[in-house]
Each structure stands twice: as structure tokens, then as C-alpha cells.
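Here the structure comes first, spelled out in C-alpha cells, and everything after it is commentary.
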Amino acid sequence: MLHGCASTLSAVVSRRVPHLTAKLQGFGTTIFAEMTALAAATGSINLGQGFPDTDGPRIVLDAAIDAINGGQNQYPPGPGMPVLRQAIAAHQQRFYGLTYDPDTEVLVTAGATEALAGALLGLLDTGDEVVLFEPMYDSYQACIALAGAVAKPVTLRPPSYGFDLDELRAAITPKTKLLLVNTPHNPTGKVLDRAEMQVIADLATEHDLIVLTDEVYEHLLFDDAEHIAMATLPGMRQRTLSISSGGKTFNTTGWKIGWLCGPAALIVAARTAKQFLTYVSGGPFQPAIAVGLGLADSYFTDLAADLQAKRDRLLPGLTAAGFEVYPTRGTYFVTVDIRPLRADGDGMALCRELPQRCGVVAIPNEVFYANRHEGRHLVRFAFCKRLEVLDEVVERLARL
Ligand code: PMP
Ligand code: GLN
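Whatever position you read off the sequence shown (first residue = 1), add 719 for my numbering.
Here's what the structure looks like:
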């Protein structure tokens, strides 16, 4: 059984994989592993998997080192260290005016990935439906499949990547349990505005749905884009579970410190599943991320300004190389249409050739779609790299 989700992964297999559970048949190796391995094998510049090539704030790194040297090397408490839960609650209060009880309404996880897994496995029963947008981050469908639930994607289309309200409405059925919303959005860089968020909120209220929000790029915003946290909309706090991650905000993607905030009853459901996934993780990194969350407002605005400058360095180069480049107002990703350069529109083939042709690695967006054809001609580049690296990429792409 394929659950219609096999398509989110690059190595889609046509044969049954022996021993693999039916729920995961069709899920091969994630595109991030494939493309990062290709970058390493060919010595290419990796603008595929999204990770920065500079370290985060020294004070955050030192806090982790101090925690290790200070003996904080055993299991942290199941819900996360109190100092981190308090820092997460303070962050939600500072940036969104949202009040969460650090003891009952905050849960620390092994990255946003485990927050997603814990929430989806803890909340979904067999046959429940999840309405979500495609393109989408690749773990969504795998976790929904593991829960025995069903993904109902609504397609966002370029250049605006807005959604069609009738399509969204039509995707909701009596079996729908949850709406899953990612903003700022990977891979498009779309930032849902207040009106769009309100429409989603209204539907959730009308149909009595839980909203799971993936907000890992909450601080990576450009131009005048504003992150609207779903839980801030009237009546939404009680039905919203929000996810974020220290990896994106403090350039520590390898630390895998994520979290969930929401009403206690939803947190209990997520925590019940989460405790049997990792139980706990990242002991000494937890107090370090707490230090990061307490940094001055200027840290967060500087981070965004730095990335905006990187965006503005790469995008003209992509245009000059011949791609049609779509606007990106958040995250560290940009999506391009490859058809001006490659008439057959085969983004997967282009990404597999790019390392040989010009020493650059990107991600074919079709892996982010259940309806693969929708993203076949689209490719994602990550711009969270030093300016000189981006300049080199632009030079290399000019060879195309
Ligand atoms: N959600 C989205 C939209 C992402 O881009 C990522 C980044 N990989 C994650 C979740 C997972 O975050 P983490 O690395 O903290 O598990
Ligand atoms: N979130 C990052 C991306 O989309 C990395 C994901 C991963 O390696 N699993 O590129």
C-alpha cells in the first residue's frame, strides 16, 4: 500500500522492499541524503540540503561546551530541561504575546522532526485525515503514513504560492482531524499573510480541527514579511500546536533541539508518543539553546538581514543563468522554474546532472509533492551560505 505518499522521496522504488512495513513501502532514501552524498562525491557546492556554512553565536556554542564540561551529560528530564522550557515560553511571550506554562504547555523534542512525529503519532488514529499544503517538507507524509492516517494535499502554485479556498474547503471531510501548516514555507519561501492565516483559522474553527503549525523559519523573514503565529489569532491558541527548532535560528542544525507549544491536552498527546521515540535527547545543547532564545532582539533581526543579503546575492545570478526565479520572503530557500533552460522540464534529471555540469547541487522540488507532476519543473536552491560561496555558485551556473 502506497498511501499516495511514496512520491515525496527521491528513490521511489517500483518493487516492494523486502521486510519493510507496508506503511513505508515507496519511501526510499530522502532526497537530502542523496543530494548531500552527491555533493560530497563530486566535490560540488551544496545548495541542496538546507544548512548554514557559518557557526551560530559564540555565546550559544560556549554554553554547550560549558554544559558538557560542567557535567550535564546524562538524560535530561522527559519534557526537556526546565531552563529551556522557560526560555521557550519567554520567547513565545516576547515575540507573539503568547503565554505558555513551561511545565505543562511546552515540550522539548529531538528537532522539529521529532516534534512533527510526536504530534502526528500522538494525535492521529488509523484512517484520520490530515489536510496540508504541497509542496511540503518531506517528513510530513512519512509520519502521517506511520500513523496509518491519510494525507490530503492542497497544491500551492507559483508565482504567489497562494491557496485556493475552494480547494482547501473541498479537502476537508468528516474524517479530517488536523490541518498542518508550514509558514514561512519550505521550499517556496512563501510567508502566509494574516488574511490567509485567518481563512485557515476560520476553517479549523468551523470544522473543529487541531492545527499543527511548523514555524521553524519564524525568524528568517525578508523585506516587510511578518510571521503570523496561528496561536495568536482569536480562538486559535486552544486548538494549535506550534513547532519550532533551534537549528534554524542559531545555525545549529546538527544539534536537533526542537519544541512544541500548545494547550496541555495536546502536549500530553504529543509527549506520550515522543517519549517512546527518543525519550530525551541533546542534554548539553538544551541549556545552550536557552541562552540563544534569550538573546537581544537585534540578534534575530541581524540574522534575517544577513540572510536577506545572501538571498539578494544569489537570486540575480539564478536569473542571469536563465532560470525563472520566484520570490522568496522567508526561509533560506528559493524555487526556480527550469523550463527556460531545459525544455523537458525535468528537474530531477537536472539536479542529477548539475554536479557534473557545473559543480552545484540543488533539490528537485517534485520530492515535496504528492502530485509529483506539479513540481517536476521546479528546483530549490538554499542560500544560507557565505557570500563568496554564492558568488562562486553564480559563476558556475553561468556555464549552463
Ligand atoms: N520542518 C521544516 C519545514 C524544515 O525545513 C525542517 C528542516 N529540516 C524541519 C521541519 C526539521 O527541523 P529539525 O532539523 O529541527 O528537525
Ligand atoms: N530542512 C532542511 C531542508 O529542507 C534539511 C532537511 C534534512 O536534511 N532532513 O533542506
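Glycine is no exception: its CB is placed at the ideal position from the N, C-alpha and C atoms.
The beta carbon of residue 955 is closer than 6 angstroms to those of 920 and 949 in its chain, skipping five residues each way along the sequence. Per DSSP, residue 871 is one residue of the beta strand (DSSP E) stretching across 869 to 874. In this chain, the beta strand (DSSP E) harbouring residue 1099 covers 1097 to 1101.
DSSP places residue 788 inside the alpha helix (DSSP H), whose first and last residues are 777 to 788. Here the distance from the Cβ of residue 991 to the nearest heavy atom of ligand 1 is not below 6 angstroms. In the three-state scheme derived from DSSP, where H, G and I count as helix and E and B as strand, residue 841 is classed as helix. In the three-state DSSP reduction, residue 1036 falls in the helix class (H, G or I).
Around residue 840, the same chain offers 866 and 992 as residues with beta carbons nearer than 6 angstroms, after the five sequence neighbours per side are excluded. Between residue 1081 and residue 1100, the CB-CB gap stays under 7 angstroms. Going by C-alpha positions, residue 744 is about 18 angstroms away from residue 752.
Note that the C-beta distance between residue 1006 and residue 763 is not below 7 angstroms.
With the rule of 3 Cβ pairs closer than 8 angstroms, the stretch 826 to 833 counts as touching the stretch 960 to 978.
The nearest non-hydrogen atom of ligand 2 is less than 6 angstroms from the C-beta of residue 751. According to the DSSP assignment, residue 931 belongs to no alpha helix (DSSP H) but to the beta strand (DSSP E) extending over 929 to 933. Cβ-Cβ separation between residue 1116 and residue 1049: approximately 23 angstroms, too far for a contact (criterion under 8 angstroms). Here the distance from the Cβ of residue 935 to the nearest heavy atom of ligand 1 is below 6 angstroms.
For residue 832, the CB falls within less than 6 angstroms of some heavy atom of ligand 1. For the 7 angstroms CB-CB criterion, residue 1011 and residue 969 form a contact. Uninterrupted beta strand (DSSP E) stretches at least 3 residues long and entirely within the stretch 784 to 834 occur at 825 to 829, given in chain order. Excluding the 5 residues flanking it on each side, residue 1078 has same chain C-beta neighbours closer than 8 angstroms at 761, 762, 763, 764 and 1115, in chain order.
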